[in-house]
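Enquirer: Position 96 of the sequence shown, counting from 1, maps to 95 under numbering that gives the first Met the number 0, and the rest follow consecutively.
Ideal placement from N, C-alpha and C gives every residue a C-beta, glycine not left out.
Let me give you the structure first, and then I'll get to my questions.
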Amino acid sequence: MGRGVGRGAEMTSTGLDVRNAYLASLDRALVVVAAPEVAAAWDADSVLREFTVRGLAGHLARAGTLVEAYLDAGFPAETRDVPDAAEYYLIAALSSDVDDPMNASIRERGESVAEGGHAALVEMVRTARARLEVRLAAEPADTPIAVIGGMVLPLDEYLVTRIVELTTHTDDLAVSVGIPTPEPDPAAATLVTHCLVTLARRRHGDLAVLRALTRRERDAAEVLRAF
């Protein structure tokens, strides 16, 4: 559960509007996904190993389509309560091995989402975004949502994980096709930073994180690297 830090010592909320930050991040992702450069490089390799541009675009799109799917899916027989976005990533940590079965399955799902082609993917994300704006306005922040692996967490905390995915992979996709990455929404950037620093604190403890922030020569483990 991390060394030298307890849950009670951490901020439990940034006080920011998570819904608008999520939609703003999705809008920025859509700008990149819809770019003609993405269509032109559809079958090329991305900057992520073993990920094609189309597969990466499909993976990015899932951050805009899974929310509604999970809200509609209900709960599996076995669940695990997860308090926040940082804990989600602590539990769902992926191997750095690109050939790991979990990493391979992520790439396969991205390819599957993108199999209809660029125009179809863009329309899928646009449609999902329009529905989500209405749906999210009606859902309480603490609505429980069951996600991968039976993890159950408050809706707004799950949205923070999607903001992390959207901001990270929007940059990956833009760099892959040589276009500028949109500046993150300020609230989204705060939410992502808060989530990932909290994750680092739980993994490595406060002293290691403080050293990483202030004393590079004592940060041999690169503790601020989340993925």
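Please indicate yes or no: does the CB of Gly148 lie closer than 7 Å to some heavy atom of the ligand ZN?
Expert: Absent from the structure shown: the ligand ZN. Ligands present: none.
Enquirer: Applying the criterion that 16 or more other CB atoms from any shown protein chain within 10 Å of the CB defines a buried residue, is Ser94 buried or exposed?
Expert: Classification for Ser94: exposed.
Enquirer: So what does Ile144 bridge to, in DSSP terms?
Expert: Answer is Leu152.
Enquirer: Which residues does DSSP pair with Thr51 in a beta bridge?
Expert: Answer is Asp44.
Enquirer: Under the three-state reduction of DSSP, which class applies to Asp71: helix, strand or coil?
Expert: The answer is helix: DSSP assigns Asp71 an H, G or I state.
Enquirer: Less than 8 Å between the CB atoms is what I'm expecting for Ala72 and Ala145, so what's the real figure, rounded?
Expert: Between Ala145 and Ala72 the Cβ distance is about 7 Å, and since that is below 8 Å, they are a contact.
Enquirer: Could you give the distance in angstroms between the alpha-carbon of Asp233 and the alpha-carbon of Val17?
Expert: Since the first residue of the chain shown is 0 and the last is 226, residue 233 is not available in this structure.
Enquirer: Exposed or buried, Phe50, counting other C-beta atoms within 10 Å across all chains shown (16 or more means buried)?
Expert: Per the 10 Å Cβ criterion, buried.
Enquirer: With C-beta atoms as the reference, is Ala127 less than 8 Å away from Gly54?
Expert: No; because the gap between Cβ atoms is not below 8 Å, this pair is not in contact.
Enquirer: Look up Arg210 in the DSSP assignment and give the residues it is bridged to.
Expert: Answer is none; Arg210 lacks a bridge partner.
Enquirer: May I have the straight-line CA-CA distance separating Asp26 from Glu110, to the nearest angstrom?
Expert: So the alpha carbons of these two residues sit roughly 21 Å apart.
Enquirer: If I follow the unbroken alpha helix (DSSP H) through Asp26, where does it start and stop?
Expert: 17–32 is the extent of the alpha helix (DSSP H) around Asp26.
Enquirer: Taking 8 Å as the cut-off, decide whether the C-beta atoms of Ala56 and Val32 are in contact.
Expert: The answer is yes: Cβ separation under 8 Å.
Enquirer: To which residues of the same chain is Ile178 closer than 6 Å at the C-beta, ignoring the five residues directly before and after it?
Expert: The residues are Ala34, Glu36.
Enquirer: Here's the rule I'm using: 16 or more other beta-carbon atoms within 10 Å means buried, otherwise exposed. How should Thr197 be labelled?
Expert: Thr197 is buried by the Cβ-count criterion.
Enquirer: Going by DSSP, what residue range makes up the alpha helix (DSSP H) through Thr180?
Expert: It is not in any alpha helix (DSSP H) - Thr180 carries neither H nor E in the DSSP assignment.
Enquirer: I'd like the list of long-range same chain contacts for Met150, defined as Cβ closer than 7 Å, with 5 residues on each side in sequence excluded.
Expert: Result list for Met150: Arg79, Val81, Tyr87, Ile90, in chain order.
Enquirer: For Pro143, I'd like the list of residues in its chain whose CB is within less than 6 Å of its CB, leaving aside the five on either flank, ordered along the chain.
Expert: Answer for Pro143: Val151, listed in chain order.
Enquirer: Nearest to Leu22 by CA position, among Arg125, Leu223, Asn102, is which residue?
Expert: Here the closest residue by C-alpha is Arg125.
Enquirer: Can you tell me which of the three DSSP states Asp99 falls into?
Expert: Residue state, collapsed to three classes: coil.
Enquirer: Which residues in the same chain have their Cβ closer than 7 Å to the Cβ of Ala60, if we skip the five residues on either side of it in sequence?
Expert: Closer than 7 Å at the Cβ level, and outside the excluded window around Ala60, lie Val32, Val112, Leu120, Met123, Val124.
Enquirer: Relative to the alpha-carbon of Gly63, which residue among Leu131, Ala20, Pro153 has its alpha-carbon at the smallest distance?
Expert: Answer by Cα proximity: Leu131.
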